[in-house]
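Visitor: Residue numbers (this note's numbering): 320 to 534.
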């Protein structure tokens, strides 16, 4: 059994809790019982739950009030609630249940296989969300390094573009100097500039693993 995944049963009647626990006996999760809304809220502040099976009619704090407190807290607002109620209950209770944030509303007596199937679906959804959070936590530790890598590749790309522009300017300048034999010193400068650009090309290629431009 997966003790890290929990299902919360909330009912003021012990026999109802026993019956629900029997229905969920074979699900791969730990079943936790609460005899009141107050007990349920205390349990939710301590542990995480995949789904809550919540009785509507309870003394002091009924199911709707309990759901209200669950949905108003950041820690528990996303925990799905399935309301359970007796067939003799008022017909508008289902509407109130969905308005309170329930994902489902079952009237007793309900099909135990249907209830167990619904619970198992929410258990799998809970595990999927937990895996997503764990992967996000792992990625958050890698993001700074990945960000630096992306920034570095971007800078190298910009360097490559700037080198290409400088190279074109140097070639154009060299061609212009060739036409003027008196500008010997300027020609030497252009040649030196071309040499430095060749070295930058080699360094750039070593970083990206690409062939040297013009090679």
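Heads up, the beta-carbon is just placed ideally off N, CA and C, and yes, glycines get one too.
If distances are taken between C-alpha atoms only, which option among 346, 395, 322 and 329 comes closest to residue 431?
Guide: For the residues 346, 395, 322 and 329, the minimum Cα distance to residue 431 belongs to 346.
Visitor: At 3 residues or longer, and completely inside the segment 373 to 440: list those beta strand (DSSP E) runs for me, N to C.
Guide: Those beta strand (DSSP E) runs which fall completely within the segment 373 to 440 and span 3+ residues are 400 to 405 and 423 to 427.
Visitor: Consult DSSP for residue 349 and reduce its assignment to one of helix, strand or coil.
Guide: If DSSP states are grouped into helix, strand and coil, residue 349 belongs with the strands.
Visitor: Please report the straight-line C-alpha distance between residue 361 and residue 422, rounded to a whole angstrom.
Guide: Taking the straight line from one Cα to the other gives about 22 Å.
Visitor: Buried or exposed for residue 352, please, with buried defined as at least 16 other CB atoms from any protein chain shown within 10 angstroms of its CB.
Guide: Residue 352 comes out buried.
Visitor: Helix, strand or coil: which one does DSSP assign to residue 343?
Guide: Note: residue 343 maps to coil in three-state DSSP.
Visitor: Who are the Cβ neighbours of residue 390 in its own chain at under 6 Å, not counting the five residues just before and after it?
Guide: These residues qualify, in order along the chain: 396 and 420.
Visitor: So, with DSSP's three-state summary, where would you put residue 449?
Guide: Note: residue 449 maps to helix in three-state DSSP.
Visitor: Between the alpha carbons of residue 329 and residue 355, how many angstroms are there, rounded?
Guide: Approximately 6 Å, taken between the alpha carbons.
Visitor: I believe residue 400 touches residue 418 by the beta-carbon criterion, under 8 Å. Please report the beta-carbon distance rounded to the nearest angstrom.
Guide: The Cβ separation is near 12 Å, so there is no contact.
Visitor: With distances taken between CB atoms, is the gap from residue 405 to residue 376 smaller than 9 Å?
Guide: Result yes, Cβ atoms of residue 405 and residue 376 sit closer than 9 Å.
Visitor: What's the gap between the Cα of residue 412 and the Cα of residue 381?
Guide: Roughly 12 Å between the two C-alpha positions.
Visitor: So, helix, strand or coil for residue 354, using DSSP?
Guide: Coil, per DSSP.
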